[in-house]
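A.B. asks:
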Amino acid sequence: MRHLLSTADLSRAEAVRVLDVAEQMAATQQREIKKLPTLRGRTVVNLFFEDSTRTRISFETAAKRLSADVITFSAKGSSVSKGESLKDTALTLQAMGADAVVIRHGSSGAPLRLARSGWTSGAVLNAGDGTHEHPTQALLDAFTLRRHLVGGGPGGGPAADRVGADLAGKHVVVVGDVLHSRVARSNVHLLHVLGARTTLVAPPTLLPIGVETWPCEVSYDLDAALRGDVQGPVDAVMALRVQLERMDAAYFPSAREYSRRYGIDAARLALLPPHASLLHPGPMNRGLEITAEAADGARSRIVEQVTNGVAVRMAALYLLLAGEDA
Ligand code: NCD
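Start counting the sequence shown at 3; every next residue gets the next number (this note's numbering).
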């Protein structure tokens, strides 16, 4: 792996390797002193052209825990045209010697452009590009699912029970604004590579053109999917944020109507087998795609996802910068 741009680029072995290294990283995060010397002297630049709380802080924490020097650049508010400012910014970073560039950008394909451009010689990590991909989010979701669904049971038994394992035979329902979600696309690819089944559930207006070519099933009926009528019993449900900021038209009649048909609440969670988990990448619209009761309930892994994100991003930075031989 030279860059991490898309989960569609990952082989099963590469994806499992990231999850396994993340298990080791997570173990180091239980220690009193959390910092490792691994990336001492390396520079990681966080380039955020779009708003972010979790992902930006998570990458920053991950790089710092590996002892890298971290520069965080928030380009929000820049009036320079995006293509030009991306190039100029990248050239500046290259002049400063960035070993890795973590980029979030509103335009789908910006990280690929950066990786192919020669503007930077560093590794490029996609931290979310437009409505396209968000590979580290999918990896942290898979890490969280593996901990709960493989080996030792809820919360995870000994890491040795799941190291080397994929998610073969598991079934994940992803519900919500698939049209605008880079998280959904990254998850569908990664879950497929890891041997899991995915059912996407959304109103027809919130599904992208071409979704029938994705390696998953599609349903408009959330209750049927949760009951297991679409692809069998469900091991986890992932709610997606309704991305109001990317909506330029009316995609559903009203918030109340959306919640009624596609919102996750306690009654819907009760349709799932007892072991099934609830995920959400955050930020949540509480009361719209998820109720507070569901988000804060016993099945929720939402806070754990954030914790796991640091270990997964440490693993990604480690594998890209220190390589397999380190
Ligand atoms: C997601 C994103 O930005 O793509 N959030 C995240 O990174 N945790 C999902 C979203 O914004 O809804």
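The beta carbon of each residue, even a glycine, is placed where N, CA and C say it ideally should be. As the structure is a prediction and not an experimental result, all values here were calculated from the model.
So who's on the other strand from His107, going by DSSP bridges?
C.D. replies: Here residue 107 is taken as the residue at index 105 of the sequence shown, counted from 1. In the DSSP assignment, the residues bridged to His107 are Asp131.
A.B. asks: With DSSP collapsed to three states, give me the class of Met3.
C.D. replies: Locating residue 3 in the sequence shown gives position 1, counting from the first residue. For Met3, the three-state secondary structure derived from DSSP is coil.
A.B. asks: In angstroms with no decimal places, state the Cα-to-Cα distance between Ala272 and Ala300.
C.D. replies: Counting from 1 along the sequence shown, the entry for residue 272 is found at position 270. Counting from 1 along the sequence shown, the entry for residue 300 is found at position 298. Using only the alpha carbons, I get a separation of about 12 Å.
A.B. asks: How about Ser54: is its Cβ closer than 7 Å to a heavy atom in ligand 1?
C.D. replies: Position 52 of the sequence shown holds residue 54. True, at least one ligand heavy atom lies under 7 Å from that Cβ.
A.B. asks: If you draw a straight line from the alpha carbon of Tyr20 to that of Gly230, how long is it in whole angstroms?
C.D. replies: Residue 20 sits at position 18 when you count from the first residue of the sequence shown. Residue 230 sits at position 228 when you count from the first residue of the sequence shown. First, the amino acid is wrong: residue 20 is Val here, not Tyr. Each residue's Cα considered, the two are about 30 Å apart.
A.B. asks: Which class does Ser221 belong to by DSSP, given the choice of helix, strand or coil?
C.D. replies: Residue mapping note: residue 221 aligns to position 219 of the sequence shown, counting from 1. Strand.
A.B. asks: Out of Asp223, Thr40, Leu290, Pro160, which has the shortest C-alpha to C-alpha gap to Asp22?
C.D. replies: Translated into positions along the sequence shown, residue 22 becomes position 20. Checked all of Asp223, Thr40, Leu290, Pro160; the closest Cα to Asp22 is Pro160.
A.B. asks: What does a CB cutoff of less than 6 Å around Gly124 pick up in its chain, not counting 5 residues either side in sequence?
C.D. replies: As a first step, residue 124 is located in the sequence shown; it is residue number 122 there, counting from the start. Within the same chain, Gly124 has close Cβ partners Ala100, Asp101, Ala102, Val103.
A.B. asks: Leaving out the 5 sequence neighbours to the left and right, which residues in its chain are closer than 8 Å to Ala17 when beta-carbon positions are compared?
C.D. replies: Looking up residue 17 in the sequence shown gives position 15. So the qualifying residues of the chain are Thr9, Leu141, Ala144, Asp168, Leu192, Val195, Leu196.
A.B. asks: Report yes if the C-beta of Gln245 is less than 7 Å from at least one heavy atom of ligand 1; otherwise report no.
C.D. replies: Locating residue 245 in the sequence shown gives position 243, where the first residue counts as 1. Yes, ligand 1 has a heavy atom inside 7 Å of this Cβ.
A.B. asks: DSSP three-state label for Ile211, please.
C.D. replies: Stepping through the sequence shown from its first residue, residue 211 is reached at position 209. Per DSSP, reduced to three states, the secondary structure at Ile211 is coil, with no helix or strand assignment.
A.B. asks: Just list the residues that DSSP pairs Leu202 with in beta bridges.
C.D. replies: On the sequence shown, residue 202 is found 200 positions in, with the first residue counted as 1. Answer is Val176, Val220, bridged to Leu202.
A.B. asks: Give me the Cβ distance between Val236 and Ala278, rounded to the nearest whole Å; I'm assuming they're in contact under 8 Å.
C.D. replies: Taking the first residue of the sequence shown as 1, we reach residue 236 at position 234. Taking the first residue of the sequence shown as 1, we reach residue 278 at position 276. The C-beta distance from Val236 to Ala278 rounds to 6 Å, short enough to meet the 8 Å contact threshold.
A.B. asks: Return the CA-CA distance between Val82 and Phe51, expressed in angstroms with no decimal places.
C.D. replies: Position 80 of the sequence shown holds residue 82. Position 49 of the sequence shown holds residue 51. Caution applies to Val82, whose pLDDT of 48 falls short of 50 and renders its modelled position unreliable; the model cannot decide the point.
A.B. asks: Out of Leu68, Thr45, Thr74, which has the shortest C-alpha to C-alpha gap to Arg58?
C.D. replies: By 1-based counting over the sequence shown, the position of residue 58 is 56. The shortest C-alpha separation from Arg58 is found at Thr74.
A.B. asks: When the Cα of Ser183 is compared with those of Leu228, Ser110, Ala117, which residue comes out closest?
C.D. replies: Mapped onto the sequence shown, residue 183 falls at position 181. Selected option, being the one with the closest Cα: Ser110.
A.B. asks: State buried or exposed for Gly178, treating a residue as buried only when at least 16 other CB atoms are found within 10 Å of its CB.
C.D. replies: Position 176 of the sequence shown holds residue 178. Per the 10 Å Cβ criterion, buried.
A.B. asks: Could you tell me if the beta carbon of Pro255 falls within a distance shorter than 7 Å of some heavy atom in ligand 1?
C.D. replies: By 1-based counting over the sequence shown, the position of residue 255 is 253. Of the heavy atoms belonging to ligand 1, none sits nearer than 7 Å to the Cβ of Pro255.
A.B. asks: Below 7 Å, is the gap between the Cβ of Arg184 and the nearest heavy atom of ligand 1?
C.D. replies: As a working mapping, residue 184 is identified with position 182 in the sequence shown. Yes, the Cβ of Arg184 comes within 7 Å of a heavy atom of ligand 1.
A.B. asks: Would you list the residues sitting across from Thr146 in a DSSP beta bridge?
C.D. replies: Working through the sequence shown from its first residue, we reach residue 146 at position 144. Answer by DSSP bridge pairing: none, since Thr146 is not bridged.
A.B. asks: Exposed or buried, which one is Pro285 when buried takes at least 16 other CB atoms within 10 Å?
C.D. replies: Here residue 285 refers to the residue found at position 283 when the sequence shown is read from its first residue. With fewer than 16 Cβ atoms within 10 Å of its Cβ, Pro285 is classed as exposed.
A.B. asks: I'd like to know if the segment 286 to 297 and the segment 306 to 325 are in contact, where contact means that at least 3 CB-CB pairs between them fall below 8 Å.
C.D. replies: no
A.B. asks: I think Arg199 touches Gln233, with their Cβ atoms under 8 Å apart; what is that distance to the nearest whole Å?
C.D. replies: Position 197 of the sequence shown, counted from the first residue, corresponds to residue 199. Position 231 of the sequence shown, counted from the first residue, corresponds to residue 233. Your pair Arg199 and Gln233 checks out as a contact, with CB atoms roughly 5 Å apart and the cut at 8 Å.
A.B. asks: Cα-Cα, which of Arg258, Leu38, Cys218, Arg148 is closest to Ala170?
C.D. replies: Counting from 1 along the sequence shown, the entry for residue 170 is found at position 168. Of the listed residues, the one whose Cα sits closest to Ala170 is Arg148.
A.B. asks: Can you look up Asn310 in the DSSP assignment and give me helix, strand or coil?
C.D. replies: Position 308 of the sequence shown, counted from the first residue, corresponds to residue 310. Of the three classes helix, strand and coil, the one that applies to Asn310 here is helix, per DSSP.
A.B. asks: Under 8 Å between the Cβ atoms of Leu281 and Ala238?
C.D. replies: To locate residue 281, count along the sequence shown from 1; it is residue 279. To locate residue 238, count along the sequence shown from 1; it is residue 236. Against a cut-off of 8 Å, the Cβ pair of Ala238 and Leu281 comes out as a contact.
A.B. asks: With a threshold of 8 Å on Cβ separation, who are the neighbours of Ala268 within its own chain once the five nearest residues in sequence on each side are excluded?
C.D. replies: What you label residue 268 is simply residue 266 of the sequence shown in a count that begins at 1. Answer for Ala268: Thr293, Glu295, Ala296, Gly299, listed in chain order.
A.B. asks: In angstroms with no decimal places, state the Cα-to-Cα distance between Met316 and Leu322.
C.D. replies: The residue you call residue 316 lines up with position 314 of the sequence shown. The residue you call residue 322 lines up with position 320 of the sequence shown. The straight-line gap separating the alpha-carbon atoms of Met316 and Leu322 is approximately 10 Å.
A.B. asks: In chain order, what residues of the same chain have a beta carbon less than 8 Å from the beta carbon of Arg243, not counting five sequence neighbours either side?
C.D. replies: For this step, residue 243 is matched to residue 241 along the sequence shown. If we look at Arg243 and ignore the five residues flanking it on each side, its Cβ neighbours are Gly178, Asp179, Ser183, His282, Pro283, Gly284, Pro285, Met286, Asn287, Glu291.
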